[in-house]
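Protein chains: 2
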Amino acid sequence: MIRTLAFAALLSTAAVASAQAPPPAPVLVDPKVAALRDAALDDSYAWDIVEGLTTEVGQRLAGTEAEARARDWSVKKLRGLGFANVRVETFDLPVWTRGYESAEILAPFPQKMVVAALGNSASTGPAGISGEIVAFDSVDALRAAPDSAVRGRIVFIDHRMMPTQDGSSYGQFGAPRRQGPTIASQKGAIGIVIRSIGTDRHRNPHTGVMNFADGARPIPAGALSIPDAEQMARILKRGRPVSMRLVLVSQNIGRRQSGNVIAEVPGRDPRLAPVLVACHLDSWDLGTGAVDDGAGCGIVAAAAKRIMDAGRPLRSIRIVWFGAEEVGLFGGLDYRARHAKEPHYAIAESDFGADRIWKVDSKLGLARRPEAEAIAAALAPLGIVRGSYEEADGSDIGPMLADGIPGIGLNQDGIRYFDLHHSPDDTLDKIDPAQLRQNVAAWTAMLAVVSGGIEEPKRRRRR
Amino acid sequence: MIRTLAFAALLSTAAVASAQAPPPAPVLVDPKVAALRDAALDDSYAWDIVEGLTTEVGQRLAGTEAEARARDWSVKKLRGLGFANVRVETFDLPVWTRGYESAEILAPFPQKMVVAALGNSASTGPAGISGEIVAFDSVDALRAAPDSAVRGRIVFIDHRMMPTQDGSSYGQFGAPRRQGPTIASQKGAIGIVIRSIGTDRHRNPHTGVMNFADGARPIPAGALSIPDAEQMARILKRGRPVSMRLVLVSQNIGRRQSGNVIAEVPGRDPRLAPVLVACHLDSWDLGTGAVDDGAGCGIVAAAAKRIMDAGRPLRSIRIVWFGAEEVGLFGGLDYRARHAKEPHYAIAESDFGADRIWKVDSKLGLARRPEAEAIAAALAPLGIVRGSYEEADGSDIGPMLADGIPGIGLNQDGIRYFDLHHSPDDTLDKIDPAQLRQNVAAWTAMLAVVSGGIEEPKRRRRR
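Just so you know, the sequences run in chain order A and B.
For the first sequence, the working numbering assigns the number 1 to the initial residue and increments by one for each residue that follows.
For the second sequence, the working numbering assigns the number 464 to the initial residue and increments by one for each residue that follows.
#1: Residues in the same chain with beta-carbon distance under 8 angstroms from A115(A), minus the five sequence neighbours each way, listed in chain order, please.
#2: Identify the contact partners of H437(B) in chain A, using a Cβ-Cβ distance below 7 angstroms as the criterion.
#3: Alpha carbons only, please: which of A40(A), A434(A), Q231(A) is nearest the one belonging to G105(A)?
#4: Figure out for me which residue from G759(B), F572(B), D603(B) has the closest Cα to the Cα of L699(B).
#5: Should T124(A) be flagged as near chain B, meaning a C-beta pair shorter than 8 angstroms?
#6: With a floor of 4 residues, list each alpha helix (DSSP H) that falls wholly inside the segment 753-777 of chain B, ordered by position along the chain.
#7: Within the segment 152-200 of chain A, note down every full alpha helix (DSSP H) run reaching 4 residues or more, in order along the chain.
#8: Within the 8 angstroms Cβ cut-off, does E230(A) reach chain B?
#9: For a quick check, are the C-beta atoms of L845(B) and A855(B) less than 8 angstroms apart?
#10: Are T662(B) and D882(B) close, meaning C-beta to C-beta below 8 angstroms?
#11: Name, please, each residue of chain B whose Cβ falls closer than 8 angstroms to the Cβ of V249(A).
#12: Between which two residues does the beta strand (DSSP E) harbouring N874(B) extend?
#13: Exposed or buried, what is T54(A) when buried is set at 16 or more other beta-carbons lying within 10 Å of its beta-carbon?
#14: Answer yes or no: does any C-beta atom of chain B fall closer than 8 angstroms to that of P176(A)?
#15: Near R306(A), which residues of its chain fall below 6 angstroms by C-beta distance, leaving aside the five closest residues on each side in sequence?
#16: Relative to chain B, which residues along the segment 36-64 of chain A have a C-beta separation below 9 angstroms, given in chain order?
#17: Considering just the uninterrupted stretch of the alpha helix (DSSP H) at P862(B), what are its terminal residues?
#18: Going by C-alpha distance, which of R701(B), T645(B), G651(B) is nearest D944(B)?
#19: Helix, strand or coil: which one does DSSP assign to E455(A)?
#20: Does the Cβ of K893(B) have 16 or more other Cβ atoms within 10 Å, making it buried, or fewer, making it exposed?
#21: Report yes or no: is there a C-beta of chain A within less than 8 angstroms of the C-beta of R697(B)?
#22: For D824(B), report the span of its beta strand (DSSP E) as first-last.
#23: Would you call the CB atoms of I347(A) and F83(A) closer than 8 angstroms?
#24: Can you tell which of D147(A), A233(A), T207(A) has the C-alpha that lies nearest to the C-alpha of I157(A)?
#25: Taking 8 angstroms as the threshold (beta carbon to beta carbon), is T97(A) in contact with chain B?
#26: Establish whether the CB of T199(A) and some CB of chain B are separated by less than 8 angstroms.
#27: How far does the alpha helix (DSSP H) with D555(B) in it extend, from its first residue to its last?
#28: Could you check whether the Cβ of P270(A) sits closer than 8 angstroms to any Cβ belonging to chain B?
#29: Would S123(A) and S250(A) be called neighbours here (beta carbons separated by less than 8 angstroms)?
#30: Taking DSSP's pairing of strands, which residues face R849(B) in a bridge?
#31: Please name the residues in the segment 664-691 of chain B whose beta-carbon is closer than 7 angstroms to at least one beta-carbon of chain A, in chain order.
#32: May I ask which residues mark the beginning and end of the alpha helix (DSSP H) holding G794(B)?
#33: Using 10 angstroms around the beta-carbon of L524(B), count the other beta-carbons present and answer buried if the total reaches 16, otherwise exposed.
#34: Beta carbons nearer than 8 angstroms to chain A: which residues of the segment 891-921 of chain B have them?
#35: Exposed or buried, what is D372(A) when buried is set at 16 or more other beta-carbons lying within 10 Å of its beta-carbon?
#36: Would a check of beta-carbon distances place S475(B) closer than 8 angstroms to chain A?
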């Protein structure tokens, strides 16, 4: 059983390192918080949400009718769970949609490959494009190449993304997707294919957004599945010219509507700033958006529901299921434009899958250090280590964190995340229900601390 | 290090069970056999073959120009390795080819699914077919249903294939693919989709051959990837009518040529019956045929090459890379029609992936029991247990084994095999080089025993 007292100080790296120092006094965990946390290990709300959303809606690409259906589904679900002030704040954005796609090696060894267009790729049209491959190990190598080596060719960028616990490799290894197409275009390439930004070994390509820099002519840009990229590397190694045909049919359908779905647990004192917990509702179109980010929506709503059912928190909890995150954080930026001048007590987002939380970060300021310590102490029995007190991050909430709004980061284990991310394989079966419940327990405990204490509402005396 | 003496009797279940009995005398392993076996643990020929075939040819569907390119590649490769009498024996067969395919749920929850046509599926034509789903848990449940429940609908057969060490579950769980389409057609269904016959959790459908029984009108027949089949089951569980659109465009292109590629290691005594070692060269069209069966071709040729390089075996070794196995054992049946009346000392086939061999079976007859024991003793140090002395199996060689030709079965671990089998995921990266080498070591040791002893050819005295 999980202990209700967490001797958090004993778990800290500092304490282990300086074994001579007397141990600091343990941070006591409020028994109510501990009880809520432990009960959440049996949660079924999060699974119910992610199972429902991925089954009854499936993929929900930003700005499409599928995302609109997801908003309708969400409003109904959140109202059904008993949340207050359930509403949608709409905004619009330019929308790119996938048509059909294929790739094949024409010479020297004719064979088909599995490809997916990157978001905002130019369309090849149904006839496709054909050209000789010019290969690079990295974006830097492409950047260093003379234009003459690239002009009129199809660029291939190889690389080997390694998984990391915290997902930090996405920054480094995402470069071929984010910058490759622009650089290839500027050097006169007719198209580009990259090794998928992913860590699996399946024939499932990983898509994702990219934007051509101003002045760079859009060109067709796709991602090969990792086995196909390795096949391409083996073919290139034979040293003969390699040519490829690429069909990436897509459409820019103009500006369409998206929106943020918002719901609340009203606090006992409506004058106090709310705690915001978030996820994103949209998904890439290849999978069903289970780990990215149906799980996050399930986790934050389940935690808020569990607090609401236990009584009334001092501060309001605001749930935001952001729209159009994948294609450029449109939902987060719209929320920020509307609400960032209102005070927020703390903001947090779950958008890194459904595997167990292993570390808690926070950025609440020096004055609120005891609160940060109370959160860490409440989470320690879940196997969660203490991270930074000076940083927290999140996708949609990133700009608001940069603005200085206090934040909390519950960090999930990222080792499996890029096996699935943005690929057809992001489906419900990839979620481990036990790890999902650990997430709910962590978010419940965090909310129980940050929302300022839960009390049963006072009953009116019957006459 | 691997011991060169295998106390095989000590490893047998019987010996363990009757601990009171005096241990039988150990079967001594010829030190030459042991040395060949152990050296093969550093083999690179098998990897070279499967890497080359899957990279330079890729998929090689029976009867297509890709399989013809594979034969050309194979003849060149086997000659390059120094084998004698390298030749192709051709035959022809009716050929079905895949066009393009897609599937989507139309109602109640519109979404795309990943599908692949089964071999010999009828074509839907480009317009596809649409209909209501009628679902069954098994072929037996479909068989038991009244025609009226099936007529005019699209049948869905769900099931849950579990992996087995020896692959025996393929017989039981293959029924939806083999029999489902015929039964659905006979009951008036307009099409059928089955849960892929596989054990993975990826968005990669598993194809495979099926044949409509005489009198059954061919209907479109596809396999959903396993995550899609589970999604279908969840959607059906909601209890509302489910309708689907299915596009499976394919073609019967008439009779085309295939062939068996044959090569030999001539024995010292050409009057003796040869030992036949086999694999199949063709593959399904979705992957690159790495584990099914490029690996098998690499394993048997590498083992024969190692024997050949060590000297001359007493008996000839005949390598056969069969054509058109996947679509109906055409290569095995052609070989049998031409050669089965010639004596064969023993036949064996590698066609179950590239994972480690865990068990050796043989069916050499009572008089050759000491030889069977010598094989088992030679393999024991590789972690291979003794199986049956009364049975052996193989795909192309199955009919010849049934005819009574002596056979040997080196059984691979099948736990991962149906994760990959007939799917886009059957690619080179799935082969573990260390386990592949263990296979080569086992086949080399087996051949060293069965080929009757290797001797350096006598050198002519120089004048």
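All C-beta atoms, glycine included, are put in the ideal place defined by N, C-alpha and C.
Working from what's here:
#1: Position check: residue 115(A) holds Val in this sequence, whereas Ala was assumed. For V115(A), where only same-chain residues beyond five positions count, the Cβ hits under 8 angstroms are E101, S102, A103, V193, P205, G222, A223, L224, S225, D228, L246, L248.
#2: Outside the displayed span of chain B (464 to 926) sits residue 437(B), for which this structure offers no information.
#3: One detail in the question is off: residue 105(A) reads as Ile in this sequence, not Gly. Among A40(A), A434(A), Q231(A), the Cα nearest to that of I105(A) is on Q231(A).
#4: F572(B)
#5: no
#6: 758-773
#7: 169-173, 175-178, 180-186
#8: yes
#9: no
#10: yes
#11: Correct list: empty, because the minimum Cβ distance to chain B is about 13 angstroms.
#12: 870-875
#13: buried
#14: no
#15: A40, T444
#16: E51, T54, T55, E56, V57, G58, Q59
#17: 861-865
#18: Residue 944(B) falls outside the range modelled here, since chain B spans only 464 to 926, and no answer is possible.
#19: strand
#20: buried
#21: yes
#22: 820-826
#23: no
#24: A233(A)
#25: no
#26: no
#27: No alpha helix (DSSP H) holds D555(B); the beta strand (DSSP E) holding it covers 547-570.
#28: no
#29: yes
#30: V823(B)
#31: R664, H665, R666, N667, P690
#32: 793-802
#33: buried
#34: L891, D892, K893
#35: Contrary to the premise, residue 372(A) reads as Ala rather than Asp in this sequence. With 16 or more other Cβ atoms within 10 Å, it is buried.
#36: Legend: pLDDT at S475(B) = 41, less than 50; position of this residue unreliable, value from coordinates given subsequently. Chain A, which has no Cβ nearer than 8 angstroms to the Cβ of S475(B), makes this no.
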